[in-house]
Amino acid sequence: EEGEEGESNGFTVEVQVNDVYVLRSWTEGKMTERFRIDGTGWLSFNGGDNNSSGGGFGQLAVFYFETWDEDDRRRLQHLQIEANATLRLNGGDRDYFSFDLDEFRILERWEDGIREEQHFLILGGGEFSFEIRDEIFQVDVEGTIPVIHFESQGGETVAETIRVDGTYDGDAEGSFGLIRRIVDSGSQENATGTLFEADKIENEFWFNVSATPIGPITEEWQAEHNLTYEFTVPQTDWGNRTIRYQYIEDNGTVNNEYPEVSPIITQAEAPESEVMFENHISRETGAAPEMVFVGDRFSLVGNDAMVLSIVVTTISDVELDGHTVEVAEWLGDYSESSHASGSVVNEGPLAGLLNEIHRWVQIQMGENGSMGEGFAFVEHQMVDRVLSPSVITAEENTPPAMISIGFREGRLLTEGDSAHLEVVVDDFDTDVTEVTADLTRMGLGIVELSDSGLFGDYTIHDDIWTALIVYDGLEYGLMDVTVVMQDFWVYVEEGAALEVTNAAPRMMSLVFTPESVPRGDSVEVRITAVDGHGVESIGIDLLSAGGEFTPLTESDGVWSGQFTVPYGMAPGERIVPVRITDGEGESIMAEHVHRDGYPEDAPLLTIVNEAPWINSVSVLRDGEQVEAIHVPESGDTITHTLEATIEDPDGVSSAQARIGRLAPIGSSDKWLLMADDGTGGDRLSGDGVYTIQFDVRSSLPEGNITIQIRATDTYQSMTPDSLQSHTLQLVKTDSGGGGGSWISDNATTLVLVVLGLLMTLGITAVAVSLRNSELE
């Protein structure tokens with residue numbers, strides 16, 4: 171905008187462009203335009219420059235402007251300005267003063283109609299001086315501006331501060347000042363009583379007169395002081411933002427004024443789409459021959475607005491990023507005022523690539539196709555670097571070579587097995603286009619391999635070419651194959667050998683009768699199996715469990731027999747190893763069945779866990795086995811030892827005895843631990859004989875006593891209740907303590923001795939009587 175004297179009243183920017191980007195495209199009748207400019211330069215507002223007496227001007231450190239319009243809708247607009255500036259104010263009829271802004275920033279970013287960022291900042295200060303002159307008087311003014319700070323973020327005011335302090339002298343003397351700042355924030359009512367969040371802004375101005383001139387003065391000089399508070403909403407996009415004025419008189423009187431229709435709530439206005447050019451700017455496109463000859467003519471008609479007619483003029487060799495290549499040079503016309511020329515690569519994998527092109531396209535700027543003002547779009551393009559491929563001519567090519575061949579899984583079996591054939595290829599130029607393998611010997615013909623993620627290939631372009639092989643044949647061993655490797659220039663054949671392994675027989679069914687059995691019992695088994703070379707033999711192999719190898723017999727395709735479960739097999743559900751041998755001698759220890767062609771776990775045989783059994787129970791006294799437990803008539807107790815021989819194929823974990831009144835007082839109903847570790851009366855550690863000692867008291871009656879003995883194996887199986895009871899005999903003795911009575915132990919001997927003495931005495935008496943009778 172211009173003022174009355176032709177000066178600009180608006181905001182102007184002169185930019186030294188460092189980078190500019192323009193993209194304009196049409197797709198299905200919809201236009202997309204992207205524009206970006208980045209640079210530095212000069213700014214001016216309200217006509218400010220080095221020679222002005224007002225306005226502002228400064229040096230641009232950052233100028234960035236970006237837009238994105240798509241289908242008549244502005245998707246993006248980003249404006250960023252950073253500068254230092256100078257403000258100039260008119261200080262009198264013929265004078266002015268200026269001060270510096272240390273920071274001047276504008277940042278606003280819109281995305282899809284939403285303002286994502288907003289920041290405005292003016293920060294600075296300075297000193298000023300100027301002279302006021304008239305026909306009658308003269309005044310010199312000096313002052314400082316300590317701070318000027320205006321800032322908004324996200325569409326709301328965060329700072330609004332300015333302070334001015336000054337003095338004047340001459341025909342009049344005094345001081346003056348101005349301060350404006352936000353002193354508080356809170357809820358305030360507008361004219362209608364509606365509450366709004368508002369900033370309380372202090373506005374204070376003073377003008378002091380300390381001396382007046384002598385004589386008439388055209389101006390009225392008198393002291394002045396004004397203090398006003400403005401209550402203003404912080405939203406910078408709203409209208410009539412001040413909802414209340416508060417005037418403070420010098421005598422303390424407070425007056426309030428509420429502006430009508432304040433505030434006016436409005437939203438920030440989103441930028442609208444505004445394209446830079448009305449003409450369709452694009453390049454030629456369309457199908458063209460890959461290899462051309464001198465005199466060839468063709469047109470690129472893919473873009474109706476830029477149809478290019480081409481004629482090939484010559485074939486030559488040029489240097490292209492260190493490569494000597496053949497190119498075809500051509501000339502072309504768009505229209506009477508637009509033309510192009512250049513060259514294309516005419517050999518190798520880059521054939522058809524533009525090597526260089528010059529374009530001169532006349533752009534119409536007027537409406538309805540009229541020229542009006544226009545300009546020419548001049549463009550020069552050429553290939554700078556060739557990143558890939560590394561070889562672009564036949565002379566530079568290195569033939570590929572096979573490093574290795576094999577199966578990823580390690581082997582391929584007969585009879586329908588599958589595996590991934592992998593061929594590792596070394597090619598310095600990395601331009602191999604095809605690898606095939608001749609597997610005719612295996613009945614598979616020519617097989618194509620992939621290094622692009624197909625046919626089971628793991629990693630793209632890792633030089634490992636892969637194909638999934640499914641082999642249904644029966645032939646096995648080393649088989650000759652031929653591998654063909656093709657790059658852009660040549661193909662190479664190499665021979666190799668692949669090993670195919672004979673597949674082992676497959677078990678189709680397995681049936682046990684019964685399915686649950688204790689160790690030592692017999693089990694009937696029925697098995698069916700298949701193999702392309704025939705099944706030679708099947709057997710149950712229990713050698714690893716301490717059992718035997720049991721061969722089975724075949725009848726109508728079913729192999730059957732009977733085997734004994736060895737005691738070495740642990741209880742629970744167990745795999746029974748089945749050894750199957752085919753007609754070629756290939757053997758397998760089968761643990762799976764193949765009912766539907768896929769392996770699954772074979773049926774398991776349940777081995778019953780037998781509880782520990784007690785073979786014998788005996789009582790010892792003084793280390794000797796006795797038939798009965800001696801109970802003393804009185805006196806000391808008699809020590810006895812109870813021994814139980816316990817067996818279990820899995821090992822005995824613990825043994826216990828409940829011996830009733832033979833136990834210590836208070837323990838008659840308790841299970842007492844028996845030992846097999848050489849302690850507590852045990853004679854030999856680990857011999858399977860478990861021992862417990864007890865002292866027989868005189869209070870026990872004669873007769874039989876029932877005790878219980880139980881054991882637990884390592885699989886927590888316990889002696890059943892029905893087998894735990896055992897009966898012992900108790901007999902009374904004449905004396906207690908330390909063992910049995912000597913008289914009772916030698917009663918028979920004593921009787922015989924007494925009888926012998928009586929017979930001797932009788933014979934002696936008879937002899938004496940006879941002698942006495944003869945004497946008489």
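Numbers 171 to 946, taken from my numbering, label the letters of the sequence shown in order. Idealized CB from N, CA, C, for every residue including glycine.
Rounding to the nearest angstrom, what Cα-Cα distance links residue i and residue j in this structure?
i      : j      : result
Val561 : Met572 : 19 Å
Ile387 : Ile306 : Any reading at Ile387 needs caution, since the residue's pLDDT is 46, under 50, leaving its predicted position unreliable; the model's value is listed next. Those two C-alpha atoms are separated by around 7 Å.
Gly806 : Arg867 : Note on residue identity: the sequence assigns Asp, not Gly, to residue 806. Whole-angstrom Cα-Cα distance: 7 Å.
Tyr504 : Met552 : 20 Å
Ala564 : Asp657 : 11 Å
Asp852 : Pro819 : 22 Å
Ile284 : Asp407 : 14 Å
Pro802 : Thr849 : 26 Å
Gly539 : Arg206 : Interpretation of Gly539 is limited by its pLDDT of 46, a score under 50 that renders its predicted location unreliable; no figure is taken from the coordinates.
Phe181 : Trp212 : 11 Å
Gly492 : Ile485 : 19 Å
Ser838 : Pro871 : 15 Å
Ser905 : Thr884 : In this prediction, Ser905 has a pLDDT of 48, which is less than 50 and means its spatial position is unreliable; what the coordinates show is noted afterwards. The alpha-carbon atoms of Ser905 and Thr884 are separated by roughly 45 Å.
Tyr768 : Glu761 : 13 Å
Val317 : Val187 : 33 Å
Ile630 : Asp621 : 5 Å
Leu898 : Thr861 : 15 Å
Gly873 : Asp846 : 29 Å
Thr683 : Asp691 : 11 Å
Glu604 : Asp587 : 26 Å
Arg264 : Asp335 : Summary for Arg264: the model assigns pLDDT 47, below 50, so the residue's position carries little reliability; its value from the coordinates is reported in the next sentence. Distance between the alpha carbons of Arg264 and Asp335 is about 22 Å.
Assuming residue i and residue j make a contact with CB atoms under 8 Å, what is their CB distance in whole Å?
i      : j      : result
Ala673 : Glu813 : The pair is not a contact, with the Cβ atoms about 60 Å apart (cut-off 8 Å).
Leu582 : Ala637 : Leu582 to Ala637, Cβ: 12 Å. No contact.
Ala827 : Gln878 : 7 Å
Do residue i and residue j have their C-beta atoms closer together than 8 Å?
i      : j      : result
Ser947 : Thr723 : Lying before the first or after the last residue shown, residue 947 is absent from the chain, which here runs from 171 to 946.
Arg414 : Val403 : no
Ile808 : Gly858 : no
Ala521 : Leu478 : no
Gly226 : Leu257 : yes
Leu249 : Glu278 : yes
Arg749 : Leu774 : no
Ala231 : Ala253 : yes
Arg350 : Glu330 : yes
Ala607 : Val651 : yes
Going by C-alpha distance, which of the options is nearest residue i?
i      : options                           : result
Ser757 : Ser707, Pro773, Pro769 and Gly502 : Ser707
Glu454 : Ser443, Gln437, Asp466 and Met476 : Met476
Phe463 : Ala498, Met844, Gly472 and Asp487 : Ala498
Asp766 : Val801, Glu780, Thr776 and Ala699 : Ala699
Val640 : Leu249, Glu579 and Glu604         : Glu579
Asp752 : His703, Ile710, Ala772 and Glu743 : His703
Glu794 : Thr897, Asn221 and Thr811         : Thr811
Met677 : Thr876, Ala457, Glu430 and Arg696 : Arg696
Pro675 : Asp701, Ala667 and Glu663         : Asp701
Gln308 : Arg333, Ser322, Gly456 and Glu343 : Glu343
Gly356 : Met461, Asp846 and Ala368         : Ala368
Ser892 : Tyr628, Gln288 and Thr876         : Thr876
Ala772 : Glu442, Glu198, Val681 and Leu490 : Val681
Glu618 : Ile434, Gly347 and Val653         : Val653
Glu184 : Asp208, Pro688, Gly199 and Tyr191 : Asp208
Ala825 : Ile777, Pro890 and Thr776         : Pro890
Glu372 : Leu365, Arg194 and Ile332         : Ile332
Val594 : Gly738, Pro570 and Asp335         : Pro570
Taking only three categories from DSSP, how would you classify residue i?
i      : result
Ser892 : helix
Ile371 : strand
Glu305 : coil
Pro433 : coil
Gly385 : The pLDDT assigned to Gly385 is 45, lower than 50, so where the model puts this residue is not dependable; a value taken from the coordinates is nonetheless given after this. In the structure shown, Gly385 sits in coil (DSSP, three-state: anything other than H, G, I, E or B).
Ala564 : helix
Arg285 : strand
Arg264 : For Arg264, the pLDDT reaches just 47, beneath the cut-off of 50, and the residue's location in the model is therefore unreliable, although a value from the coordinates is still provided. Reduced to three states, the DSSP call for Arg264 is coil.
Gly176 : With a pLDDT of only 45 at Gly176, under the threshold of 50, the placement of this residue in the model should not be trusted; the figure read from the coordinates follows. Of the three classes helix, strand and coil, the one that applies to Gly176 here is coil, per DSSP.
Gly932 : helix
Ser511 : strand
Gly910 : Reliability fails at Gly910, whose pLDDT of 45 lies under 50, so the model's placement of it is uncertain and the value that follows must be treated cautiously. Three-state result, Gly910: coil.
Arg350 : strand
Any C-beta of chain D sitting closer than 8 Å to the C-beta of residue i?
i      : result
Thr423 : Going by chain labels, chain D is absent from the structure shown, which holds only one protein chain.
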